[in-house]
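In our numbering, the protein residues as written are 584 to 1163. Some notes on the structure that comes next.
Take a look at the structure:
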């Protein structure tokens, strides 16, 4: 299936070569959507000065040279030199039929697949995930899903915090309460309670604090019993992660966990190699690299500290080791870090050091997919009334409860048994939370508003879920399976044409996300598609169409819209109930 915009761009470039010579073939044709046609080519305006001719004359010559009769109606020159391009109805219908016949819905797979690592979620072991982890988890998962679908080899990487000073404290507390005790079991259900109890003892009991520090030394030295206890802590926390990721329908598994501990043995070599390259220098007792272009408010160079004055390592050292592993061992072409915007400077500096050291080859991309904060209705970072971070598990439970409350108020809810209602409520509640986040540009802040996100109106998860359920109800009433509709699609009404043309935008929307790592682009497309279907359904009777050919064609459009909505929401990780 052809991407209309790409196809027209290619045809206009061919026309440029015919009209003005081969030297002009590679000129950007500037194909844009138009209010007066489907698309317009704006290249004549930019070429006019270069050719020494008025823009309308350039446009007229180009229009005459275009070979687009199989795709478009006759090109029209308008305004100061725009070329309006209106797609043929039969071409749109044929492309929609080709999309129906394609299991990938007309989305081309990558011609040159890349190995891409997507680092996301990355909670700290033994601390319950809070609302701040929501975005890094679900945005990262959507990016990974889309890149998978686009045909790339995706390596999911959950860079959990599982090393360092806090683990001496946690291990000692585990020994105090007993490894099989109810207190230890809270690591599976309420990790914060276990962590806070250990922290309180660390701050108030000097003997416990000293034991904890000694335990850190044993941990870093590879003491077998300490490593066993450390591993026990991690296994207990994994149970908690399984529950959260399962509720969120996130594709991360235990095999994707590669925490800070994984890179621990690599840190000394990072420092040694930076010193050998003459990049690392001592500054006030710490070993630092000063990448050019980074200065503080006073104009002094900013350092990347790779070894602290006490001889220890830090996040920068670990991140540099991670870069080397991803390049040397995983052979990545692209690395995407789905991490909060607050870390932007850190990643720019670490990437700069890695490039200075020659650890990131030319042509290999390391990107920080910045994530903005989640705000409360007061415009501040979302917290509980007491000022604590909101637990992610509590937030998700509330979403399901609110969805159930809304469903209970609907007359249609009486059609479902208790188990079905519970399943729908979970899908709607979780879907609402995820879609509200994903539909916002990832680097922007957004206000967490339950009333807006669980609404069945507007650009929300429930609206899109309902659109899909509504289409399924059409086929249930007809006693038909959407997969058995033969078609073909025939365009007779404007609403049919608008819907079919919007359907052809699925592949471009998916590739826009793959290239930009911005899932909100797919959300926007799906919302526009659902809105276009609503207009179509209001204007074009489906089951009561006057002609059998019209009925079959409209059923084919409904089936294709359903597949596209379900596939698109699936790429976002948003569940779609069969009925609502």
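No residue lacks a Cβ here, since even glycine has one placed at the ideal position from N, Cα and C. Just so you know, these numbers come straight off a predicted model, no measurement behind them.
- The distance from the Cβ of residue 1112 to that of residue 1154 is about 13 Å, inconsistent with a contact at the 8 Å cut-off.
- Annotation: the continuous alpha helix (DSSP H) that includes residue 991 extends over 975-992.
- Unbroken alpha helix (DSSP H) runs of no fewer than 4 residues, entirely contained in the region 805-838, are found at 807-831, following chain order.
- For residue 1061, the three-state secondary structure derived from DSSP is helix.
- Burial state of residue 737 is buried, judged by a 10 Å Cβ sphere holding 16 or more other Cβ atoms.
- Cβ contact annotation for residue 913 (same chain, cutoff 7 Å, sequence separation greater than five): 698, 700, 738, in chain order.
- With contacts defined as CB atoms closer than 8 Å, residue 692 and residue 734 qualify as a contacting pair.
- Excluding its 5 nearest sequence neighbours in each direction, residue 775 has C-beta neighbours in its own chain below 8 Å: 710, 711, 974, listed in chain order.
- The three-state reading of DSSP puts residue 597 in helix, counting H, G and I together.
- If you draw a straight line from the Cα of residue 820 to the Cα of residue 770, it is about 6 Å long.
- Residue 623 carries a strand assignment under DSSP once its states are collapsed to helix, strand and coil.
- One Cα belongs to residue 905, the other to residue 773, and the distance between them is close to 30 Å.
- Secondary structure note for residue 923: its beta strand (DSSP E) is the uninterrupted segment 917-923.
- Distances from the CA of residue 729 to each of 687, 1015, 851 were compared; the closest alpha carbon is that of 687.
- Sequence-distant Cβ neighbours of residue 1049 in its own chain, meaning closer than 7 Å and more than five residues away, are 1039, 1163.
- A direct Cα-Cα distance of roughly 6 Å separates residue 964 from residue 957.
- By the neighbour-count criterion, in which a residue is buried when 16 or more other Cβ atoms sit within 10 angstroms of its Cβ, residue 723 is buried.
- Taking a cut-off of 8 Å on C-beta distances, the region 748-760 touches the region 786-798, as three or more cross pairs fall below it.
- One thing to note: residue 951 has its Cβ no nearer than 8 Å to the Cβ of residue 1021.
- In this structure, the CA atom of residue 666 is about 12 Å from the CA atom of residue 651.
- Ranking 1145, 855, 869, 595 by CA distance to the CA of residue 1058 puts 1145 first.
- Counting other Cβ atoms within 10 Å of its Cβ, residue 584 reaches 16 or more and is therefore classed as buried.
- In the three-state reduction of the DSSP assignment, residue 664 falls in the coil class, being assigned neither a helical nor a strand state.
- Contact annotation: residue 645 and residue 599 have beta-carbon atoms nearer than 8 Å.
- Beta-carbon to beta-carbon, residue 638 and residue 664 are separated by about 3 Å, close enough to satisfy the 8 Å threshold.
- In the displayed model, residue 1030 falls within a strand according to three-state DSSP.
- If you draw a straight line from the Cα of residue 941 to the Cα of residue 876, it is about 18 Å long.
- Judged by DSSP secondary structure, residue 914 falls outside any beta strand (DSSP E); it is assigned neither H nor E.
- Taking C-beta atoms as the reference points, residue 1072 and residue 1128 fail to come closer than 8 Å.
- Assignment of residue 586 by DSSP, reduced to helix, strand and coil, places it in the coil class.
- The shortest CA-to-CA distance from residue 661 to any of 872, 878, 619 is the one to 619.
- Looking at the DSSP output, residue 953 bridges to 922.
- Residue range 638-648 is occupied by the alpha helix (DSSP H) that includes residue 638.
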